[in-house]
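Trainee: Numbering (the numbering used here), first residue to last: 35 to 147.
No residue lacks a Cβ here, since even glycine has one placed at the ideal position from N, Cα and C.
Note that the structure is predicted; figures quoted are calculated from it, not measured.
Just passing along the structure, written as structure tokens.
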Amino acid sequence: MTASYTELIFVGCILLLPFLYESSQKFRYHLKFLLYYTITILNSIILIPVFCIRPKDVRNLLLASDFCKQISRVIGIKWILRGKEHLEKDQACIIISNHQSSIDILARRSWRS
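Put into structure tokens, the structure is as follows:
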């Protein structure tokens with residue numbers, strides 16, 4: 035059985051990925067964003083039915099953050115949480131953060147133990 039040109043190009047691209055990842059910071063940046071958005075879309079597809087069953091439930095945010103907890107490590111983001119002692123109190127609070135991009139979705143995971 036002979037391989038088609040499409041299959042050969044696909045295999046060549048797959049074999050080229052590790053080299054590009056190690057040698058190009060721009061490629062690494064775009065690959066991490068692609069990975070982040072792919073996982074976010076898959077999480078949304080999985081979780082939207084759950085959210086529809088439990089509308090306006092705070093546990094929905096906690097469930098979504100559990101699904102996203104490993105992506106920060108995979109794409110290399112380190113979070114700094116200041117004032118954690120205030121969040122450990124059992125009381126209402128307001129969380130203020132500087133909105134930079136869609137990666138802020140991952141920040142909601144940083145204050146959960």
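(1) For a minimum of 4 consecutive residues, which ranges assigned as the alpha helix (DSSP H) are wholly contained in the stretch 62-142?
(2) State buried or exposed for Ala98, treating a residue as buried only when at least 16 other CB atoms are found within 10 Å of its CB.
(3) Please list the terminal residues of the continuous alpha helix (DSSP H) segment that includes Ser57.
(4) Please check the pair Ile111 and Ile73, which I expect to be a contact at CB under 8 Å, by giving their CB distance rounded to whole angstroms.
(5) Measuring alpha carbon to alpha carbon, tell me which of Ile129, Asp124 and Gln125 ends up nearest Arg116.
(6) Do Ile75 and Cys102 have their C-beta atoms closer together than 9 Å?
Mentor: In brief:
(1) 93-102, 105-109, 118-121 and 138-141
(2) Translated into positions along the sequence shown, residue 98 becomes position 64. Answer is buried; the Cβ neighbour count reaches 16.
(3) The sequence position of residue 57 within the sequence shown is 23, counting from 1. Its alpha helix (DSSP H) spans residues Tyr39 to Ser57.
(4) Taking the first residue of the sequence shown as position 1, residue 111 is located at position 77. Taking the first residue of the sequence shown as position 1, residue 73 is located at position 39. The pair is not a contact, with the Cβ atoms about 13 Å apart (cut-off 8 Å).
(5) Your numbering for residue 116 matches position 82 in the sequence shown. With distances taken between Cα atoms, Arg116 lies closest to Ile129.
(6) Taking the sequence shown and counting its residues from 1, one reaches residue 75 at position 41. Taking the sequence shown and counting its residues from 1, one reaches residue 102 at position 68. Going by C-beta atoms, Ile75 is not nearer than 9 Å to Cys102.
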